[in-house]
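Undergrad: Residue numbers (UniProt numbering): 1 to 395. Cβ coordinates follow ideal geometry from the N, Cα and C atoms, glycine included.
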């Protein structure tokens, strides 16, 4: 995604809420960006809260304990309300997870009023992402020649709502230029050497396609020649807009949209290196990384909230609209993430530059090739229900 996982989506507070706050009496209709929030009773949601709410509770509790995670200054799920829900979560045993989510939260179905019919109004768009496993080396060679770059020391990342003089609207990073700032170089310029001595390789991958996959997903595991593994984690981006290379491949007529999997479009890029490089360079976004040991092979990399991602439970959301830690119920079967369920209780734990809008999510599926195939298959219209912490009774 992201794209994955490009941190710091722009803050969209102007149209976020026309309310004095979610903590007081709830006015109708509630709005988040261009969507309406329709109250719904949890017992009217088919399947809620799912067969294993304890896993969602554990993930929610971990997000509560994350130190210094970035949050919106206002909007659905105010900090004080989430803090109260966190205190209740710490006192809740796993067998009480279902009651926790039904009693401590109010459910709101996210509706798109601009849609043409009632069914479409209730549908958002869900994709999947994963942690790739790649081969690499700490030293450059004929087999491993593509560098994975560390964050440059002149990169200035902008938080949601933050701006810098001299920057075009929408850019999320910059570098100092005299007394002001200027846009950071795009992908093509960086590949052509625009960073100079500031280009510091952490390790090397086999080719540009492996690097592109790593940058799209935002993190990955790299197996080294001695059999050990490193986790390669997102550490900033150049702030340029993300463009889907898969969409470009389809638009130019190289591959059909039907059946366009990760394996298929990466295979096409390798089989057509000249055209493939041209298309990849049209994605101006460029991701920088850091490395650390793999502490727990069962968990994914840390998301934007600073907590390890949980396969099938961590959702990337538009961080300019939603707070990390908010639970969501995904209405509909999820064929790419263990189908057969009527829905899934997930927790907002990550974000991405391609995840824009209130009814848009990216579900973390897991690590490796099988997870990559599942993530590639997950492109579904599903319903989104957000759970807002209830206001605690006044003392």
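In whole angstroms, what separates the C-alpha of residue 24 from that of residue 103?
TA: Confidence is the limiting factor: at residue 24 the pLDDT is only 42, short of 50, which leaves the residue's position unreliable, though a coordinate-based value still follows. Between residue 24 and residue 103, the C-alpha separation is close to 18 Å.
Undergrad: Give me the residue from 84, 120, 43 with the minimum Cα distance to residue 35.
TA: The residue with the shortest Cα to Cα distance from residue 35 is 120.
Undergrad: Going by CA-CA distance only, name the one from 194, 360, 261 that's closest to residue 375.
TA: Closest by alpha carbon: 261.
Undergrad: Could you check what DSSP says for residue 338 in three-state terms: helix, strand or coil?
TA: Its pLDDT being 48, under 50, residue 338 is placed unreliably in this model, and the coordinates cannot settle the point.
Undergrad: So, at 8 Å on beta carbons, what are the nonlocal neighbours of residue 168 in its own chain, with the 5 sequence-adjacent residues on each side left out?
TA: Sequence-distant partners of residue 168 (beyond 5 residues in either direction) whose C-beta falls short of 8 Å from its own C-beta, in its chain, are 183.
Undergrad: Based on the DSSP output, what are the partners of residue 313 in its beta bridges?
TA: Paired residues: none, contrary to the question.
Undergrad: Can you find the residues in the same chain that come closer than 7 Å, C-beta to C-beta, to residue 132, ignoring five residues on each side of it along the sequence?
TA: 213, 214, 217, 220, 372
Undergrad: Where does residue 43 land, buried or exposed, given buried means 16+ other C-beta within 10 angstroms?
TA: exposed
Undergrad: For residue 366, verify whether its CB is less than 7 Å away from any heavy atom of the ligand PLP.
TA: As far as ligands go, the structure on display features none, and thus does not contain the ligand PLP.
Undergrad: At which residues does the alpha helix (DSSP H) containing residue 265 begin and terminate?
TA: 262-271
Undergrad: Can you have a look at residue 297 and say buried or exposed, based on whether 16 or more other CB atoms are within 10 angstroms of its CB?
TA: Counting other Cβ atoms within 10 Å of its Cβ, residue 297 stays below 16 and is therefore classed as exposed.
Undergrad: Quick check: what's the CA-CA separation for residue 81 versus residue 46?
TA: 26 Å
Undergrad: With a floor of 4 residues, list each alpha helix (DSSP H) that falls wholly inside the UniProt domain "Lytic transglycosylase MltA" (133-290), ordered by position along the chain.
TA: 187-191, 208-217, 245-251, 262-271, 273-281
Undergrad: For residue 375, name the three-state secondary structure that DSSP assigns.
TA: In this structure, residue 375 counts as helix in the three-state DSSP scheme.
Undergrad: Measure the C-alpha to C-alpha separation of residue 60 and residue 30 and round it to an integer number of angstroms.
TA: 24 Å
Undergrad: Assuming residue 38 is part of the beta strand (DSSP E), what are its boundary residues?
TA: 35-40
Undergrad: Using the C-alpha atoms, what's the distance from residue 128 back to residue 377?
TA: Cα to Cα, residue 377 sits roughly 8 Å from residue 128.
Undergrad: For residue 127, name the three-state secondary structure that DSSP assigns.
TA: strand
Undergrad: Residue 37 to residue 259, Cα distance in whole Å?
TA: Pairing residue 37 with residue 259, the inter-Cα distance amounts to about 34 Å.
Undergrad: In three-state DSSP terms, what is residue 57?
TA: In this structure, residue 57 counts as helix in the three-state DSSP scheme.
Undergrad: Is residue 104 helix, strand or coil when you go by DSSP?
TA: coil
Undergrad: Which residues mark the beginning and the end of the alpha helix (DSSP H) in which residue 89 is found?
TA: 79-90
Undergrad: Can you give the beta carbon distance from residue 238 to residue 186, rounded, assuming they're within the 8 Å contact cut?
TA: Correct: roughly 7 Å between the Cβ atoms.
Undergrad: Across which residues does DSSP place residue 360 in a beta bridge pair?
TA: 125
Undergrad: Please classify residue 172 as buried or exposed, where buried requires at least 16 other C-beta atoms within 10 Å of its C-beta.
TA: buried
Undergrad: Assign residue 269 to one of two classes, buried (16 or more other C-beta atoms within 10 Å of its C-beta) or exposed (fewer than that).
TA: buried
Undergrad: Between the C-alpha atoms of residue 204 and residue 147, what's the straight-line distance to the nearest angstrom?
TA: 4 Å
Undergrad: How far does the beta strand (DSSP E) with residue 349 in it extend, from its first residue to its last?
TA: Taken as a continuous stretch (DSSP letters only), the beta strand (DSSP E) holding residue 349 covers 343-350.
Undergrad: From the DSSP output, in three-state form, read off residue 321 for me.
TA: coil
Undergrad: Does the beta-carbon of residue 202 have 16 or more other beta-carbons within 10 angstroms, so that it is buried, or is it exposed?
TA: With a threshold of 16 other beta carbon atoms within 10 Å, residue 202 meets it and is buried.
Undergrad: I think residue 265 touches residue 255, with their Cβ atoms under 8 Å apart; what is that distance to the nearest whole Å?
TA: 6 Å
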